[in-house]
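2 protein chains.
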Amino acid sequence: MDKKIDRRALRTRRALSQALLSLIVEKGYDAVSVQDIIDRADIGRSTFYAHYTGKEDLLRSGFAALREELRQAKLAHRASPERAGEPLSFSLAMFEHGARYVDQYRAAANGRGGAIMEAEIRRALSELVREELRGLDEAAVSREFVVQFVVSAFLTAFDWWFARKPKLAPAEVDAMFRRLVLGGIGPLAAKPR
Amino acid sequence: MDKKIDRRALRTRRALSQALLSLIVEKGYDAVSVQDIIDRADIGRSTFYAHYTGKEDLLRSGFAALREELRQAKLAHRASPERAGEPLSFSLAMFEHGARYVDQYRAAANGRGGAIMEAEIRRALSELVREELRGLDEAAVSREFVVQFVVSAFLTAFDWWFARKPKLAPAEVDAMFRRLVLGGIGPLAAKPR
DNA sequence: ATGATAATGAACGCGATGTTCGACATCTTC
DNA sequence: GAAGATGTCGAACATCGCGTTCATTATCAT
């Protein structure tokens, strides 16, 4: 019975989230002021601060949705028959997901602005990967290190994709990503002669 | 004969750079205001803006030094007999370098603040790695992708090291880093039964 | 010594932040 | 449907950091 969330409050929060998101896509996170947000959302200034401590807080709150979506995308993919026991089963789904939300991710990737966004996305991905890598041999390399390694590689692939080869199909980027993460650089460099 | 740099101007720039650096270590980049900088450097406000467009500009200018130091560390290591043709010859030297400048790197790694710093460090490392990977088989995976992959992995190792296992010796972190980057995850995950 | 260049510091305009408060709207509950 | 709680409004305010201006003074190069 904790559903005591006032409809008005919901309206307000939704409007603010939405306003921020669209503004980020337009101008990038840093360039967005609180004033911009409340103007677009048509919400009073004091109301804004009654809900959030600032734009960073508002931004963060929005990522709950992303995390949920990721989790579902992963489950949906899990259910599919192929790639049953394969490691990193999430990756292709993630690249496809990314292809659909190019704009948002672009804005997030734009280094300058979104340190927070990057951190938040990283967090969401880390959860996924950590779960995925549960049955890992801990002896050689710390598990958390491996998790971060995978997430970084994924984000790198993502950035590179959008910045350099946006024409590539998700499956192609995914193939490169998997090749590097699973097999490392060794096989590539072993071409000295 | 272009050595027309006035001593006064040099003094000023040096004082500002130094002030910023020490302040970053103390409070983190974001928390540092222009006022803080000029107070510590004991430099007039207008003078500051006569030299730099803002604190970001000042910060950037400081990275020329870092890039030089990296380049030299790499050359010095190149000269050493062991590891002649080994790939990623720079990594151990870099980790050792990092161990010496813990404070600065800590401040840089602190996600929130230093998007710029991270970008700048990334740039410096990318140059190194790109050079290192010159003779790479381009067919399978785009070279620039590989470069970014390696740099990300390195930075990840760095962050993880400081945040989680600061007691580890540089050589140990380096071993983990090399293992993952060269061999990938495959070998680790291949322990299902 | 002198003309050029750099540094000073106080003052100002600007834009963004976060808070406060009284009036009004909308929900919940009995 | 009346009452009290909760949410919203909007204007006003204090505060902060930024970047610029300008007349004055110090230091440089020659």
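Chains as they are written, first to last, in this note's numbering: chain Z, 53 to 245; chain B, 53 to 245. Glycine included, every Cβ here is placed at the ideal spot set by N, Cα and C.
Closer than 8 Å to chain Z by CB, residue i
i      : result
F197/B : yes
A71/B  : no
M228/B : yes
T105/B : no
A223/B : no
G236/B : yes
G151/B : It is worth fixing the name first, because residue 151/B is Ala in this sequence and not Gly. Not one chain Z Cβ lies under 8 Å of A151/B.
V181/B : no
V84/B  : no
V193/B : yes
L111/B : no
Start-to-end residues for the alpha helix (DSSP H) that takes in residue i
i      : result
G235/B : 222-235
G150/B : 143-152
K79/B  : 59-79
L177/B : 167-184
L207/Z : 195-216
Min CB distance residue i to chain B below 8 Å
i      : result
L232/Z : yes
A205/Z : yes
V202/Z : yes
R216/Z : yes
T208/Z : yes
A176/Z : no
A159/Z : no
A167/Z : yes
A145/Z : no
L62/Z  : no
L68/Z  : no
R65/Z  : no
Sub-8 Å separation of residue i and residue j beta-carbons
i      : j      : result
F229/Z : S143/Z : yes
A227/Z : A167/B : no
I260/Z : V233/B : Chain Z is shown from 53 up to 245; residue 260/Z falls before or after that span and cannot be answered.
V181/Z : R231/B : no
F210/Z : Y157/Z : yes
A159/Z : Y81/Z  : yes
D155/Z : V77/Z  : yes
L68/B  : A93/B  : yes
F115/B : E183/B : no
F201/Z : T208/B : yes
I89/Z  : L73/Z  : no
P222/Z : A151/Z : yes
F206/Z : L177/Z : yes
H170/B : R216/Z : Note on identity: in this sequence residue 170/B is Glu, with His being the wrong assignment. No, the Cβ-Cβ distance between E170/B and R216/Z is not below 8 Å.
* To do: Write down every uninterrupted run of the alpha helix (DSSP H) in the stretch 88-130 of chain Z whose length is 4 residues or greater and which is fully enclosed by it, in chain order.
  => 97-103
* Three or more C-beta pairs closer than 8 Å, one from the stretch 84-101 of chain Z and one from the stretch 117-127 of chain Z: is that the case here? -> no
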